[in-house]
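Visitor: Chains as they are written, first to last, in our numbering: chain Z, 419 to 785; chain W, 419 to 785; chain D, 419 to 785; chain U, 419 to 785. Using N, Cα and C, we set each Cβ at its ideal position, and we do this for glycine too.
1. Confirm, please, whether the CB-CB distance from residue 476 (chain W) to residue 442 (chain W) is below 8 Å.
2. For the segment 574-606 of chain U, enumerate the residues whose C-beta is nearer than 7 Å to any C-beta of chain Z, in chain order.
3. Hey, residue 534 (chain Z) and residue 544 (chain Z): beta-carbon distance below 8 Å or not?
4. Can you find the residues in the same chain that come closer than 8 Å, C-beta to C-beta, to residue 594 (chain D), ignoring five residues on each side of it along the sequence?
5. With the cut-off set at 8 Å, would you say residue 574 (chain Z) and residue 588 (chain W) are in Cβ contact?
6. Run through the segment 615-656 of chain U for me and flag every whole alpha helix (DSSP H) of 4 or more residues, listed as ranges in chain order.
7. Is residue 704 (chain D) helix, strand or coil when you go by DSSP?
8. Quick one: is residue 504 (chain Z) buried, meaning 16 or more other Cβ sit within 10 Å of its Cβ, or exposed?
9. Taking only beta-carbon positions, decide if residue 707 (chain Z) is within less than 8 Å of chain W.
10. Can you say whether residue 515 (chain W) is buried or exposed, counting buried as having 16 or more other CB atoms within 10 angstroms of its CB?
11. Between which two residues does the alpha helix (DSSP H) carrying residue 522 (chain D) extend?
12. Could you check how far apart the C-beta atoms of residue 714 (chain U) and residue 439 (chain U) are, in whole angstroms? I think they sit under 8 Å.
13. Where does residue 534 (chain D) sit, in a helix, a strand or coil, going by DSSP?
14. Using a Cβ-Cβ cut-off of 7 Å (strictly less than) and excluding sequence neighbours within five positions of residue 729 (chain U), which residues of its own chain qualify?
15. For residue 606 (chain D), which residues from the same chain have a beta carbon less than 7 Å from its beta carbon, with the 5 sequence-adjacent residues on both sides left out?
16. Which word fits residue 646 (chain U), buried or exposed, when buried means at least 16 other C-beta atoms lie within 10 angstroms of its C-beta?
17. Chain Z partners of residue 702 (chain W), CB-CB under 8 Å?
18. Counting only beta-carbon separations shorter than 8 Å, does residue 436 (chain D) have a partner in chain U?
19. Taking the alpha carbon of residue 570 (chain Z) as the reference point, which residue from Z:722, Z:772, Z:597 has its own alpha carbon closest?
20. Between residue 614 (chain Z) and chain C, is any beta-carbon pair separated by less than 8 Å?
21. Check each residue of the segment 486-500 of chain Z: if its Cβ is closer than 8 Å to any Cβ of chain W, include it; give the result in chain order.
22. Based on the DSSP secondary-structure assignment, which residues constitute the bridge partners of residue 597 (chain Z)?
23. Are at least three pairs of beta-carbons, each pair with one atom in the segment 686-693 of chain D and one in the segment 770-778 of chain W, less than 8 Å apart?
24. Anyone know if the C-beta pair for residue 445 (chain D) and residue 469 (chain D) falls short of 8 Å?
25. Rounded to whole angstroms, what is the Cα-Cα separation between residue 507 (chain W) and residue 513 (chain W)?
26. Spell out whether any CB of chain Z is found under 8 Å from the CB atom of residue 643 (chain W).
27. How many Å lie between residue 528 (chain Z) and residue 458 (chain Z) at the Cα?
28. Quick one: using the 10 Å Cβ neighbour count with 16 as the cut-off for buried, is residue 540 (chain U) buried or exposed?
29. Can you check which of these residues, U:636, U:746, U:767, U:739, is closest to residue 758 (chain U) by C-alpha distance?
30. For the candidate residues U:615, U:734, U:523, U:576, whose alpha-carbon lies nearest to that of residue 423 (chain U)?
31. Assign residue 715 (chain U) to one of three DSSP states: helix, strand, or coil.
32. Quick check on residue 710 (chain D) - is its C-beta less than 8 Å from some C-beta in chain U?
33. Consider the Cβ of residue 748 (chain D): report whether some Cβ of chain W lies at a distance smaller than 8 Å.
34. Which chain Z residues are close to residue 634 (chain U), counting only those with a beta carbon under 7 Å from its beta carbon?
35. Could you check where the beta strand (DSSP E) with residue 511 (chain Z) kicks off and where it finishes?
36. Which of the three DSSP states, helix, strand or coil, is assigned to residue 446 (chain U)?
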């Protein structure tokens, strides 16, 4: 866009996995955009829509009533990286670079800026498109909350809500019988969901990807509670947790799965091993995509709305190449290039971990 | 108890698996008992406590505030059948008959009647104890809702609530991507939870133990929806569902598990097969004991309270050997011996099944 | 419609107040209608749309995803009685009969049948239109559950859910302080919502329209609990409850309000009087339309779906002039003319009332 | 306590109004206290128990399972200021200073430190006791979130959750009819609950104590939406909101109430005036103490647990006279004397207000 030209038309897309709050961001962008005389193009199915030129105008009526809805009205896709685009060339899938096409569509649509909502993958693409001359503003999104560049990402609170509610339910039924309950949460590399859900739900053992655990420590904690007359133990395990020296127990969805254990996942494995090694009846629950679904919590709706309205503010000020971020209780912005690839993992000195230890939660490992 | 003698002291126990509403029944029995000048003995851990003489007096303060709590304040146990009691005789586990001991404890405690809350197993034992001269009143309990003798059992509505809420969540996340979501519910022999949860949640395919399904019909329905442009399909499968001619895919908890499939359960198997046969991304959720936990729904609290107060009414009227039952909108009673062993299964002409078919839900089979 | 002619096109409207489950009925009608080759016209804003010829075609996509939504996608109206239609004639509002116009629109639209979802008022109108030759099928609707012709109406369980959840919340906060909490529910003439909500929530005092209460009995119960060391009492009062010999305390919305008390409603009055007469701190909550809003409970979604699919079944069988009804656990039908004007009120011998008394709940009156 | 002496015994009390998360703090203090070899005395009913020497030992079993419970197991009281103690002296209530008695009890109990959980009033008392030589550690608590010294207080997120859920419900029912819904929230001086609840629920008009509103602006916004074809408007009003130049409409509980308006509160007044001035049907809901009740949200449980474990950390380090506080995402501490009397009010430049304005919410006033 020419220097001095006002921003008059923006595109918006949601990339990567689903996350409660996406619609609230879309609404938070669209309403003030129209108030400021902009038009808004909703690009469908993430970057797929950008490459394939699929979009629709977003009017205020389109975003009315979506604040409380889970999912994204624009659709999403995990596959659409314009720089690594799978294309059927003479019967074979070939990976090609379609970023030029993306840029052409951006221009053909007459966009002055693109607001890209997504996680690390989305921000990488956004940054590269930015370097090609596209005016991009980022909004960070991940239920895992593992972005270094922002204190909190929307969707995380909602995921933690689902985990906590589940642990609350398991508490009552576990306490009627002498039982161990295992609950598997999302979190392949970062254990924030399991940490926060387990802390809020009052789990007894938390197994996180960051802290490879010792089986004996798990059995010990369970038996210790049993000996003290506690009727139950609750183990909250992130899908990416693994025993010390052990391999990640991958879900059936992964093609590379060659596990000798032949079990559904770490949750089932933990349940099986506890039964075998303690003799206690053990049951497991796999939350799966429940953690990505449903209406966002009020916390996430507010954060999403603030992120959305801040993104349009950045666009109007032509502060391109930046991503909205929460620092303390203020929304601010960081350079997208500074934001990417800095993952925030759970560390032993984290106050949440310390609080968990203080109330007697075991991480299956000595710190 | 001698003829003409008034009922002055009752025992109460909760047998079998956990079920939301147990505490509401205990409260519904205890409060009016005291009002009528009776004393109440809470027998701990089901029939285990009856054989091992473990009990505690229940006063009004003990049942105050428990109406909304899941679980049972008396504890429960799946193991304690006095007629088939596992005993360590010279280092070996031997099955012995301890029913005489149960009767002696009943008498030693000075009980005039026993209120036994439980499912089919509990009612069988109750009936046999009844034949030995114990004054028993039954209260039916099963989240599966598979007792012929009563229209509805408490706990079922709560279990259906959990399933429905989960399907609601999956709907939003499924609709953002092109996906199939599989949700596995309880129900080893009777499919009521999956039927009602799936009907209320708006699932697309229901797989029930009563209707062995055809894999092709499942793939077909999923593909048909995909072709129509629907972004997702939701499959609700009871843990006891099985393909035509196939075996039950048993959970890891079962000792007899010798499955070649080596998967966690039917939910995971269905997800795996759909992915393989349709190419669509599929995810699964296993609710497990979430369905037994948490605060009972208002419906279950009301039904439980009515059952409890009706049971004490039966005891005061010395209508022993009977079980409270719901017929239409009235609580009434049936003979325990008539109630047992008549399982209520889902049939094709059930109005719920018919309504499901009418709104386009597939059962993976032609009726 | 001519004898022997098949039903090919139906209209559907929702009359009267809002009620969770309306959309589930609309979906339950529309999906099987299309499966049976019918077309469906959605008539907007109840009978208003019938008189003013406002409607839209309903396709399957229109009812996809509405099962779990509160409200009605067709809109509703309390005002539109074709037989008593307010019309602006030369600057004055005159009440005229527009039923002929309604009939003409019905015919002009080519409707073979009309499915009218509503309460007593709607059924009255439906009956009169029926007598004029319109083919009407009724579906009963009232959160108050006060129709004699059906055991249960959808929406009631959802309203009770809201009340119960509110009482649950009040319990925890009330128990921290020494306090009386008053909660006002809907129910101007019938007290079912307060009865069932209060029973499920464990209220201490229930004040229903059917049982004019004595102030002294209310104070007495509250003081008795206070003396026993209970930290709180919860009073659940239906908006139509009134003291013996007293007048109904009407809400501000009523034009005829000439109350000397000048208070918002009976809830506030009860709170005020308890404070004045017992010296105990009292707080009140007025739920208002929360009871009509939100997603229907699973129970209501199932009942609504069954009602909807049964209604289309009645239409196809040309069983006009009938209304779907629940009897025990079966959906059946009754003549609309038999259904109307038979209100079902709470009576002292109702099992719910008896159960409430048995667990120590006071109705503020001696039975 | 003598210099160099280790902290071996602590007291804990909860002062002021009820707040979800209090039990989580008590648990967060008690568990690590025992782990560190301390004993814990629970002082009952806030400062009342300190003056009247009412307390009970808190063991781990007492705090087991209370994490998710609303209310406070220690009881609370609004009245017990030791420095302004109402005492019956010869038949008259006289205000006396009983702080010396409080100090004597503290010493007689052998306490080395007192953890006081409460709001501004509690912190004032804590500070004065601190000046008398008591070792006090404060934990901030207010659902209103109006303390300057900490970014967030626990309980606020839970209160906002209740308001948001209520607005969600009202949305569905409002949209079926042409209606205005008014919802009154807590917040006498600070409007954070209404702001955050309204922002998360998607209200159309927010009336806060900080921004005296103009009636005309309210009617205008409602009519403007009506003209645009919107079927409803939702007005979220804090109990302390007032029109420009108008008086606070106080609730009936206030003795000084001399209002000419004779209505229940601002919620009812707003509803009445909108009806009179726009002709639109208006309904209102008064949430009252629902906002203080129920299980705390996961966010509040985590924050409470962190505050509790941090408080015991402060006590062990003998950092007395300090209060735990959240700054950004870290728990830290501030001097109690610096914390008190600095109220945090909503200002026009707050990002939440700005986001609300950006999505089209009116505050009934021009900024």
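Guide: With the given structure in hand:
1. no
2. 575, 578, 579, 582, 586
3. yes
4. 649
5. no
6. 633-645
7. strand
8. exposed
9. yes
10. exposed
11. 517-526
12. 4 Å
13. strand
14. 447, 533, 555, 557, 742
15. 627, 657, 658
16. exposed
17. 704, 706
18. yes
19. Z:722
20. This model lacks chain C altogether; the protein chains it does include are Z, W, D and U.
21. 487, 488, 489, 490, 493, 494, 495, 496
22. Z:650
23. no
24. no
25. 9 Å
26. no
27. 11 Å
28. buried
29. U:739
30. U:734
31. coil
32. yes
33. yes
34. Going along chain Z, no residue has its Cβ under 7 Å from residue 634 (chain U), so there is no contact; the nearest lies around 21 Å.
35. 510-514
36. helix
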